[in-house]
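Take 1180 as the starting number for the sequence shown in our numbering and just add one per residue.
The C-beta atom is built at its ideal place from N, Cα and C for all residues, glycine as well.
The model shown is predicted, which means the values in this text are computed figures rather than measured ones.
Here is the structure we will look at, set down as structure tokens.
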Amino acid sequence: METINIIDAPKHVNERVRIGVWLTDKRSSGKIAFLQLRDGTAFFQGILRKNDVTPEVFEMARHELRQESSFWVTGEIHEDARSKFGYEIQIEDIELIGESVDYPIGNKEHGIDFLLDHRHLWLRSSKPHALMRIRDRVIRANYEFFGEHGFTKIDAPILTANAPEGTTDLFKTKYFDRDAYLSQSGQLYEEAGALAFDRVYSFGPVFRAEKSKTRRHLIEFWMIEPEMAFMHQEESLQLQEEYVAYLIKAVIKDCSRELEVVGRDPKTLEPFTQTPYPRISYDEAIKLLQDAGMDVQWGDDFGSPEETYLANHFSKPVFVLNYPKSIKPFYMKGHPTRDDVYVCADLLAPEGYGEIIGGSERETDYDTLVASAKEAGLNIDDYQWYFDLRKYGTVPHSGFGLGLERFLTWICLQDHLREVIPFPRLLNRIYP
Ligand code: 4AD
Ligand code: MG
């Protein structure tokens, strides 16, 4: 008899199999018990008839099996057209492995703080399970996309001496007898990588000690940062839209069951797989917002209400181009005909989800770059290696960063980033 996973049940119809499971719920009467089971790969139902098993097994199932008890079930897989999963197991034997008494997460509603305090257990529930499966699919789609487009993965360090995105939200730590910071972006290292490998990307955790407690901010999040040599911004924008569409197609194709669990109709994702995405300039965006009576001036950064208003004008993600220099980091390339904006773009997700990508063409001129780093108040000594990239064969290059959790929150239609990362780090939370 084969030991299988629930997810493979369709391949074992009418076969006797063994599965290691946990109980998520049960219903029983004197003659029959319906056990809701999960094994980490999927959820389905086990049917236990009094006449099919020994009296001890039937009594044990009725009394000792509680929510999250672990056990082996043996039985035959049958099709079950009435259930969501489509298959069930007719149980012949049960072998208890681990008891579970007073499992804290019941089948009733719990508050979010309670659930986050129990995240180590909450991950077993069907919605977090579906969200993590989609996350995993998106991560794999990243490796596929960049692998197929000639990119080499160059891992960026986590412990750094520099602050590419500004100095206000750095996590400082001791690095023997000097200070170091947890990386807030791998970008500067990817630029070195692009000049060595043409097209590179990193995928790793980044850290921002942002005191903002919003549904769009995590303290620790995961970013994908591609960087392309000999590429100007327009070509980078085309790559970005192709990339986002690719990720969405992968989710639609392979995660239909998970999308249903999280409450996202795949049909509503289809339009976002159609490229190109619309583009507007920052100047046009300001005008749109002002015409709508919003209190913004040229030079202001956009917050969540502004981004939502802008995105609502379009049925697809929209690129906002060429932001003022004063609100963007030092490494961006100056506009060829204007001295007040950079050649950069943010990609705003529709449906009120805000910025999912930030990117730009990079400054290639040594003197200009050093000057803007100084102006940004950075310690020039820590950046000599980065300036070297402009000293030895500088070339046009562009790149961008996609926030994995921002993307997932949108695709999965969630309210808050905290649910699409296994163990969220929030302003007031580092447990569990
Ligand atoms: O716009 P950001 O700060 O850009 C960079 O870090 C560049 N160095 C990227 C690059 O060009 N290589 O961040 C990029 C993306 C944002 O668009 C957003 O999706 C996400 O990272 N992000 C966050 N996600 C979760 N929590 C936060 N606190 C985030 N801050 C940014
Ligand atoms: Mg940004």
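Item, Value
"Which residue marks the beginning of the alpha helix (DSSP H) containing Tyr1368, and which one marks its end?", "Gln1366 to Phe1376"
"Would you check whether the ligand 4AD has a heavy atom nearer than 7 Å to the C-beta of Gln1366?", "yes"
"Following the continuous alpha helix (DSSP H) through Asp1470, name the residue where it begins and the one where it ends.", "Tyr1461 to Asp1470"
"Quick one: does the C-beta of Phe1602 sit closer than 7 Å to a heavy atom of the ligand 4AD?", "no"
"Can the beta-carbon of Leu1606 be found closer than 8 Å to that of Lys1392?", "yes"
"Is His1308 buried or exposed, if buried means 16 or more other CB atoms sit within 10 Å of its CB?", "buried"
"Taking Phe1386 and Leu1426 to be in contact with their CB atoms under 8 Å, please state how far apart those CB atoms are, rounded to whole angstroms.", "Rounded, the Cβ-Cβ distance is 24 Å, inconsistent with contact."
"Phe1400: buried (16+ other C-beta within 10 angstroms of its C-beta) or exposed?", "buried"
"Which of helix, strand or coil does DSSP assign to Ile1268?", "strand"
"Find the nearest neighbour of Met1407 within the set Pro1575, Thr1447, Val1317 and His1299, judged by alpha-carbon distance.", "Pro1575"
"Give the range of the alpha helix (DSSP H) segment to which Asp1130 is assigned.", "Here the chain has residues from 1180 to 1611 only, and residue 1130 is not among them."
"Cα separation between Arg1298 and Tyr1610?", "9 Å"
"Can you find the residues in the same chain that come closer than 8 Å, C-beta to C-beta, to Ile1506, ignoring five residues on each side of it along the sequence?", "Gly1478, Asp1479 and Asp1480"
"Any heavy atom of the ligand 4AD closer than 7 Å to the beta-carbon of Met1402?", "yes"
"Taking all protein chains shown into account, decide if His1396 is buried (16 or more other Cβ within 10 angstroms of its Cβ) or exposed.", "buried"
"Could you pull out every residue in the same chain whose Cβ sits closer than 8 Å to the Cβ of Glu1271, ignoring the five residues on either side in sequence?", "Arg1195, Asp1231, Val1232, Thr1253, Gly1254 and Glu1255"
"Assuming contact is defined by CB atoms lying nearer than 8 Å, are Pro1529 and Pro1496 in contact in what I supplied?", "yes"
"In angstroms, rounded to a whole number, what distance separates the CA positions of Asp1462 and Thr1588?", "28 Å"
"With a Cβ-Cβ cutoff of 8 Å, do Ile1186 and Ile1198 count as a contact?", "no"
"Rounded to the nearest angstrom, what separates Ala1375 and Gly1277 at their Cα positions?", "53 Å"
"Can you find a heavy atom of the ligand MG that lies under 7 Å from the Cβ of Asp1479?", "no"
"Below 7 Å, is the gap between the Cβ of Arg1387 and the nearest heavy atom of the ligand 4AD?", "yes"
"How many whole angstroms separate the CB atoms of Glu1369 and Ala1335, which I take to be in contact at a CB cut-off of 8 Å?", "6 Å"
"Taking the straight line between their C-alpha atoms, what separation do you get for Asp1525 and Glu1486?", "10 Å"
"Ala1188 to Asp1281, Cα distance in whole Å?", "30 Å"
"Hey, would you say the C-beta of Leu1349 is under 7 Å away from at least one heavy atom of the ligand 4AD?", "no"
"Could you give the DSSP three-state label for Phe1324: helix, strand or coil?", "helix"
"Using DSSP with H/G/I as helix, E/B as strand and the rest coil, what is Ile1318?", "helix"
"Suppose the cutoff is 8 Å on Cβ atoms and the five residues either side in sequence are ignored; what does the same chain contact list for Ala1373 look like?", "Val1379, Glu1406, Met1407, Ala1408, His1576 and Gly1578"
"So what does DSSP say about Phe1586, is it helix, strand or coil?", "helix"
"Look at Val1522 and Ser1539 and say whether their C-beta atoms are less than 8 Å apart.", "yes"
"Rounded to the nearest angstrom, what separates Val1599 and Asp1315 at their Cα positions?", "10 Å"
"Considering only C-alpha positions, which residue in the set Gln1593, Asn1193, Met1180 and Phe1213 is nearest to Arg1394?", "Gln1593"
"What does the alpha-carbon distance come out to for the pair Arg1541 and Tyr1456?", "22 Å"
"Tell me the rounded alpha-carbon separation between Phe1566 and Arg1303.", "48 Å"
"Have a look at Leu1216 and Asn1193 and give me their C-alpha separation to the nearest angstrom.", "19 Å"
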